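Protein chains in written order, with the numbering used here: chain A, 1 to 324; chain B, 1001 to 1324.
Working notes, beginning with the structure itself.
Protein chains: 2
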Amino acid sequence: MKKYVIGLDLGGTNSVFGIVDAQGVIKATTSIKTAGFSDAKDYVDAAVKALAPIIEEVGGIEKIESMGVGAPNGNYYNGAIEYAPNIAWAHEGVVPLADMFSERLGIPVALTNDANAAAIGEMTYGVARGMKNFIVLTLGTGVGSGIVVDGKLLYGSNGLAGELGHVIMERHNGRLCGCGRKGCLETYCSATGVARTARELLTTTERPSLLRDIDVDAITSLDVSIAAGKGDELAKEIYQKTGEMLGLACADFAAFSAPEAFIFFGGMTKAGELIMKPIRDTYVENVFPLYRNAQFLISGLDGSSAAVLGASAIGWENAERVKK
Amino acid sequence: MKKYVIGLDLGGTNSVFGIVDAQGVIKATTSIKTAGFSDAKDYVDAAVKALAPIIEEVGGIEKIESMGVGAPNGNYYNGAIEYAPNIAWAHEGVVPLADMFSERLGIPVALTNDANAAAIGEMTYGVARGMKNFIVLTLGTGVGSGIVVDGKLLYGSNGLAGELGHVIMERHNGRLCGCGRKGCLETYCSATGVARTARELLTTTERPSLLRDIDVDAITSLDVSIAAGKGDELAKEIYQKTGEMLGLACADFAAFSAPEAFIFFGGMTKAGELIMKPIRDTYVENVFPLYRNAQFLISGLDGSSAAVLGASAIGWENAERVKK
């Protein structure tokens, strides 16, 4: 009987593989660098080579049901990575990565974007077990989202629905976003956005802060979180503002899909109540009354393996689909 | 063989009933006032009495498969009208109208809000035939929305998803909305919002306009549309601004569900290109590139009967569901 799936968390820097059982236990892992390949074929060659020993470790490919991939700009409908700005071998075209892996490994392969993988991961192994309508927001370098409606990921007409990091939160003098537009949610509420808020406050005010001990251009959201943990007022205010904007954004998202929960994923959630309290408070104060009861949760997946588990969950879902 | 459904367009003022065949032909109609009843039972009594002759006209209740109701604050999950501000007999509680009609008529009855009914109507008889992912925006006294994802209405965790008229478009000094919050889309882009924009421009500027011939407190969106049709610059600017804000709103909505089309419904669409052009232009200029290809369409349903057809479409959908 086949009892494992391969999960691949394909990030801009590293690609982490895990072989995962149906209970979400990672049986074996390996990784390669994502960068450094001239084309996608070379990348897949290196990945298959790295996978070979861990596949043997669990009893060979015949024990493996399927593979799931979470990747930036991953399109579920065609299994391709499309114009991913941070991946040299995929930034100028459509790379049919699912088909390429499937051909090499001889198993079905499904691919989606990383935030969607996180959402399926929460539903399969995390805090969204039993939920049918929820939204996962990933707070990392950017802000990603996976939207589950009636128990299924929302993919939309082109497979690329759910880019909530790119709704416009500030229509007047908004911050310039990597997407070329201004005022996107992710320019304020990603880890990068938090660091940007810190730099703005440090350079435009004279307010005292522990953050002044750090080179202003090198400040990270983690620095801000640590300073806030030590009681630094400026750092606390940064998380307060960030949480308030996320709360306002969630109030608008609720009017769309009336989720029972918003689930936050990524390093920034380590700030805990520093960010979660302003999110909840601002949401409740500002949401249309019909949606007041939504829960606000932090991902239930173990940080270091969450993305691999999310990807593996896409693999299990795909295995079910292929059987039907 | 049963071959008709009853569609009920339940508005704040009038309730219009139609008996509709599978091709969307309205075979018979009747109506009653919505207001003037002390409780929901009296309303249903009057409705059933008014329906009796037209049911006979098509061959009796055994020819009728189902009934569909489109109503403000209608919840599909429980078939109830919930706290509808404009209906005296439903503004302070949960009225299980679907069950009440079903008991009296002996047929299955489904109920949803008016904008959702419009969306199902477009999918069944209108411009959304064959589409699986689209958003209907109804521009009337308020702004309503019906969101279709993967061929089904998005109802969310509580049956009340899709209140896109209440996303916040203006976070600084936004207009006060009937919902008690500020800056909601519908305070700008409903028929009422257009009239409000006209009043603001007429009272805060000295600009010449044909609209100055009308009592400023009585101006309607139709007056603005007529003046714009005559080339009035101020009136044209009002539609331009209204369309621009709708275009910006649609750009955010696209990031949620990646619809293949936005469909506009309601009297204001009679302004045609006056409003559709700024919507399209602003959308294309401002949307996240992945969603640039969405279409912008005006409802394909005949205005006077569109709401009844939409309600009847809910009836057909319900008949299918009951059979399964």
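The beta-carbon is built from N, C-alpha and C at its ideal position, and this holds for glycine as well.
Keep in mind the model is a prediction, meaning the values are calculated, not measured.
- Relative to the Cα of A:A110, the nearest Cα in the group A:G60, A:I314, A:E320 belongs to A:I314.
- Distance between A:P85 and A:E186, taken at the CA atoms: about 16 Å.
- Among the CB atoms of chain A, one or more fall inside 8 Å of the CB of B:A1255.
- When only Cα atoms are considered, A:I238 and A:D232 end up about 10 Å apart.
- In the DSSP secondary-structure assignment, B:A1110 is bridged to B:G1068.
- Here the C-alpha atom of B:G1266 lies approximately 59 Å from the C-alpha atom of A:I55.
- The segment 1116–1132 of chain B makes contact with the segment 1286–1303 of chain B, as at least three CB pairs between them are under 8 Å.
- The Cβ of A:D252 sits closer than 8 Å to at least one Cβ of chain B.
- If you draw a straight line from the Cα of A:D281 to the Cα of A:A261, it comes to about 15 Å.
- In terms of Cβ geometry, B:A1115 and B:T1138 form a close pair [threshold 8 Å].
- In this chain, the alpha helix (DSSP H) harbouring B:F1101 covers 1097–1105.
- Residue nearest to A:N173 within the set A:G183, A:I6, A:L164, A:G165 is A:G183 (criterion: CA-CA distance).
- Exposure of B:A1218 is indicated by the presence of fewer than 16 other C-beta atoms within 10 angstroms of its C-beta.
- When DSSP states are grouped into helix, strand and coil, A:K323 belongs to the helix group.
- Per the DSSP secondary-structure output, B:F1017 pairs in a beta bridge with B:L1008, B:T1030.
- Assignment of beta strand (DSSP E) within the segment 1101–1179 of chain B, counting only whole runs of 3 or more residues, yields 1109–1112, 1134–1139, 1143–1149 in chain order.
- For the segment 278–302 of chain A, the set of residues with a beta-carbon nearer than 9 Å to any beta-carbon of chain B comprises N286, V287, F288, P289, L290, Y291, N293, A294, in chain order.
- Contact holds between the segment 89–98 of chain A and the segment 40–51 of chain A, because three or more Cβ pairs, one in each stretch, are under 8 Å apart.
- In the three-state reduction of the DSSP assignment, B:G1074 falls in the strand class, which pools E and B.
- Of all residues in the segment 1172–1193 of chain B, only H1172, C1179, G1180, R1181, C1184 come within less than 9 Å of chain A when Cβ atoms are compared, listed by chain position.
- Closer than 8 Å to the CB of A:H91 there is not a single CB belonging to chain B.
- The beta carbon of B:A1161 sits closer than 8 Å to some beta carbon of chain A.
- Bridge partners of A:C184 according to DSSP: A:I168.
- Going by beta carbons, B:V1016 and B:S1031 fall inside the 8 Å limit.
- In the DSSP assignment, A:F262 falls within the unbroken beta strand (DSSP E) covering 261–265.
- Taking the beta carbon of B:P1259 as reference, the chain A residues within 8 Å of it are G156, S157, listed in sequence order.
- Two segments are said to touch when three or more pairs of C-beta atoms, one from each, lie closer than 8 Å; by this definition the segment 145–161 of chain A does not touch the segment 1242–1252 of chain B.
- B:T1203 is classed as exposed because its beta carbon has fewer than 16 other beta carbons within 10 Å across all chains shown.
- Proximity of A:V167 to chain B, defined by a Cβ-Cβ separation below 8 Å, is satisfied.
- Proximity to A:F101 across A:S225, A:Q240, A:L290, A:L8 peaks at A:L8, based on C-alpha coordinates.
- Between the alpha carbons of A:G36 and A:T13 lies a gap of roughly 10 Å.
- In this structure, the alpha-carbon of A:Y188 lies about 27 Å from that of A:A311.
- For B:L1164, the nearest CB of chain A lies under 8 Å from its own CB, placing it at the interface with that chain.
- The Cβ-Cβ distance between A:G247 and A:P289 does not fall below 8 Å.
- For A:K270 and A:L222, the gap between their C-alpha atoms comes out near 9 Å.
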